[in-house]
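Position 50 of the sequence shown, counting from 1, maps to 83 under the working numbering, and the rest follow consecutively.
Beta carbons are placed, not taken as given, at the ideal position from N, Cα and C, and that holds for glycine.
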Amino acid sequence: MFQELNNINSRPEPFEFYTAEELWADEYTSSQMLKYHLNEELDISSRRAEFIDRSVEWIISKFEIGVNKKVADFGCGPGLYCSRLARSGARVTGIDFSKRSIEYARNYAAREKLDIKYINQNYLDFTTAERFDLIIMIMCDFCVLSPVQRKVMLDKFRGLLNLGGSLLLDVYSLNSFAKRIEQSVYEKNQLNGFWSPDDYFGFVNNFKYEKEKVTLDKYTIIEESRKRTIYNWLQYFDPDMLKSEFAEAGFSGIELFSDVSGKEFDNAADEIAIAAKGD
Numbered sequence: 034m035f036q037e038l039n040n041i042n043s044r045p046e047p048f049e050f051y052t053a054e055e056l057w058a059d060e061y062t063s064s065q066m067l068k069y070h071l072n073e074e075l076d077i078s079s080r081r082a083e084f085i086d087r088s089v090e091w092i093i094s095k096f097e098i099g100v101n102k103k104v105a106d107f108g109c110g111p112g113l114y115c116s117r118l119a120r121s122g123a124r125v126t127g128i129d130f131s132k133r134s135i136e137y138a139r140n141y142a143a144r145e146k147l148d149i150k151y152i153n154q155n156y157l158d159f160t161t162a163e164r165f166d167l168i169i170m171i172m173c174d175f176c177v178l179s180p181v182q183r184k185v186m187l188d189k190f191r192g193l194l195n196l197g198g199s200l201l202l203d204v205y206s207l208n209s210f211a212k213r214i215e216q217s218v219y220e221k222n223q224l225n226g227f228w229s230p231d232d233y234f235g236f237v238n239n240f241k242y243e244k245e246k247v248t249l250d251k252y253t254i255i256e257e258s259r260k261r262t263i264y265n266w267l268q269y270f271d272p273d274m275l276k277s278e279f280a281e282a283g284f285s286g287i288e289l290f291s292d293v294s295g296k297e298f299d300n301a302a303d304e305i306a307i308a309a310k311g312d
């Protein structure tokens, strides 16, 4: 028992483990995530509806999105941005790991008669011959990726953009990192049964990596018949670090904002949005 508890509370190296499938492909957990996506009053899996409306309005104006413009949303979830962008006349593609979210998005698009292409795939593996005028990755999805994975994605994004095309994404800032604390929590049916419909014991370890500016929420879920460990990594950025990664990947025309609604950049903000040209 001592060794088991020691393993549960052990601190891995930054981005040592990648467990996205446990969160997004598990039948039960993905249904819980979809509920959070569709709750318009919470900023958990998706932004609040009011913010999304304001964000899409700015995106359409900023990047001149309209009829026949091609947009790709990486990590699209249930299509909250895709649906709104498609109503502008844009030709939209959404890519997401969660089969349940993609099924919801497809059904919604069919009901609303929206011409959106949805692809159920880990976006790290996504390839296509199509090229886009705008690529978005929203809700700080870029932060969950390791340095190697981020380089892969930036190279991928640049290769998928049309001449003059743009990339828009958001990340957590160092202000947000400063607010995180290390702690360990143990609770039966932790998160009100989020992880399983059956009884389980949930151990949560929140780690901070000061040098790398990374946090880890490590969830160990113990059920009667199985044990799972889910690693939720987050990278935090300062403006120079973010711009450097984009510049090294060949992006130009870099602009910073406080969020993806185009709010003026503020060093005190908890998030940073970045827009850049692929050529």
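| Check | Outcome |
| --- | --- |
| Report yes if the CB atom of ARG124 is closer than 8 angstroms to the CB atom of LYS103, and no otherwise. | yes |
| Which ranges does the beta strand (DSSP E) cover as unbroken runs of at least 3 residues, wholly within the stretch 215-281, from first to last along the chain? | 216-221, 233-242, 247-256, 260-270 |
| Can you give me the C-alpha to C-alpha distance between TYR141 and ASN225, rounded to a whole angstrom? | 28 angstroms |
| So what does GLY122 bridge to, in DSSP terms? | In DSSP, GLY122 forms no bridge with anything. |
| Would ILE149 and ILE128 qualify as a contact pair, given that the criterion is a beta-carbon distance under 8 angstroms? | no |
| For ASN195, which residues from the same chain have a beta carbon less than 6 angstroms from its beta carbon, with the 5 sequence-adjacent residues on both sides left out? | ARG164, ASP166 |
| Drop a sphere of 10 angstroms on the beta-carbon of PHE284, count the other beta-carbons inside from all chains shown, and report buried for 16 or more, exposed for fewer. | buried |
| Which one or two residues does DSSP pair with MET66 in a beta bridge? | None, per the DSSP bridge assignment. |
| Could you tell me the boundaries of the alpha helix (DSSP H) in which MET186 lies? | 180-193 |
| Determine the burial state of VAL89: buried for a count of at least 16 other Cβ atoms within 10 Å of its Cβ, exposed for fewer. | buried |
| According to DSSP, which residues form a beta bridge with PHE290? | GLU297, ALA306 |
| As a quick exercise: from TYR51, ILE98, ALA138, pick the residue whose alpha carbon is nearest that of LEU71. | ALA138 |
| Where in the stretch 135-170 do unbroken runs of the beta strand (DSSP E), each at least 3 residues long, occur, reported from the N-terminal end onward? | 149-153, 165-170 |
| Excluding sequence positions up to five away, which residues of its chain have a Cβ less than 6 angstroms from the Cβ of PHE234? | LYS221, ILE255 |
| Please state whether DSSP places ILE93 in a helix, a strand or coil. | helix |
| Hey, LEU67 and ILE85: beta-carbon distance below 8 angstroms or not? | no |
| Helix, strand or coil for TYR114 per DSSP? | helix |
| Mapping the DSSP letters down to three states, classify SER78 as helix, strand or coil. | Reliability fails at SER78, whose pLDDT of 47 lies under 50, so the model's placement of it is uncertain and the value that follows must be treated cautiously. DSSP places SER78 in coil when its eight states are reduced to three. |
| Expressed to the nearest angstrom, what Euclidean distance is found between the alpha-carbon atoms of GLU49 and SER64? | 27 angstroms |
| Among LYS189, PHE175, GLU136, SER258, which has the Cα closest to the Cα of LEU275? | PHE175 |
| Starting from ALA211, follow the alpha helix (DSSP H) in both directions and report where the run begins and ends. | 207-212 |
| Exposed or buried, what is GLU245 when buried is set at 16 or more other beta-carbons lying within 10 Å of its beta-carbon? | exposed |
| In whole angstroms, what separates the C-alpha of LEU249 from that of ILE307? | 23 angstroms |
| Taking the straight line between their C-alpha atoms, what separation do you get for LYS184 and ALA282? | 7 angstroms |
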